[in-house]
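Participant: All residue numbers for the sequence shown refer to my numbering, where the first residue is 152 and numbers rise by one. Below you will find the structure I want to go over with you.
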Amino acid sequence: MKTDLMMFLAKACNKKLRHVDAFSLIEVLVVLAIIGILLTMTNSPKLISLFPTKMDTLEQDIQDKIMSELMKQSLAPKEKVKSFTLSPPCNNTTIRIGAGGLVEALLFECKSLQFRVNEAGGVLRYEAE
Numbered sequence: 152m153k154t155d156l157m158m159f160l161a162k163a164c165n166k167k168l169r170h171v172d173a174f175s176l177i178e179v180l181v182v183l184a185i186i187g188i189l190l191t192m193t194n195s196p197k198l199i200s201l202f203p204t205k206m207d208t209l210e211q212d213i214q215d216k217i218m219s220e221l222m223k224q225s226l227a228p229k230e231k232v233k234s235f236t237l238s239p240p241c242n243n244t245t246i247r248i249g250a251g252g253l254v255e256a257l258l259f260e261c262k263s264l265q266f267r268v269n270e271a272g273g274v275l276r277y278e279a280e
C-alpha cells in the first residue's frame, strides 16, 4: 500500500516537472536581439565617456554651462541678448546668447587650450594649423 502511494506521488511529481512553463530558445534570442538593437540605436553613454579625461571634463563643463543658458534664453527670453561669463579658468570669457537661442560665435582660451563656440552653442576644441 505504501509503495503504491509512493509510486502514485512519484508519477504525479514527474508529470508536473515535465510541464514547466518557460521561454523557448528562439524567444530568448529574439528578445536579446531586440535589446541589442535598442541599445545601439539610443544615445546611451559610450564606453569612452565613462572614463573622461580632465580636458574632456573641462570641455563638457563649458558645454553644459552654455546649453543651460541657451535653454533659458530660447524658451522664455527676458532680454534680447543675454550675456554670461565663464568661470576663471576660462579667462572670464563673456558669451552672448540672443533671443531664440542664437549664440555669438567666438574663440577663447581656457587652461592654455583654445575652444570655439559655434552659433548653435556647440563647444569644439580649436587647434590652429
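Think of the CB as a built atom: it goes at the ideal place given N, C-alpha and C, for glycine as much as any other residue.
How many Å lie between T154 and N165 at the Cα?
Facilitator: Along the sequence shown, read from residue 1 onward, the residue named residue 154 stands at position 3. Along the sequence shown, read from residue 1 onward, the residue named residue 165 stands at position 14. Straight-line Cα distance between these residues: approximately 16 Å.
Participant: Return helix, strand or coil for G249, following the three-state DSSP convention.
Facilitator: For the purposes of this step, residue 249 is taken as the residue at position 98 of the sequence shown. If DSSP states are grouped into helix, strand and coil, G249 belongs with the strands.
Participant: Under the assumption that L237 contacts I246 (Cβ atoms under 8 Å), give the Cβ distance between them as a whole number of angstroms.
Facilitator: For the purposes of this step, residue 237 is identified with residue 86 of the sequence shown, where counting begins at 1. For the purposes of this step, residue 246 is identified with residue 95 of the sequence shown, where counting begins at 1. Confirmed, about 7 Å.
Participant: Helix, strand or coil for S263 per DSSP?
Facilitator: Numbered from its first residue, the sequence shown carries residue 263 at position 112. In the structure shown, S263 sits in coil (DSSP, three-state: anything other than H, G, I, E or B).
Participant: Could you spell out the range, first to last residue, of the alpha helix (DSSP H) harbouring L237?
Facilitator: The residue you call residue 237 lines up with position 86 of the sequence shown. Segment: none, L237 is in no alpha helix (DSSP H) and carries neither H nor E.
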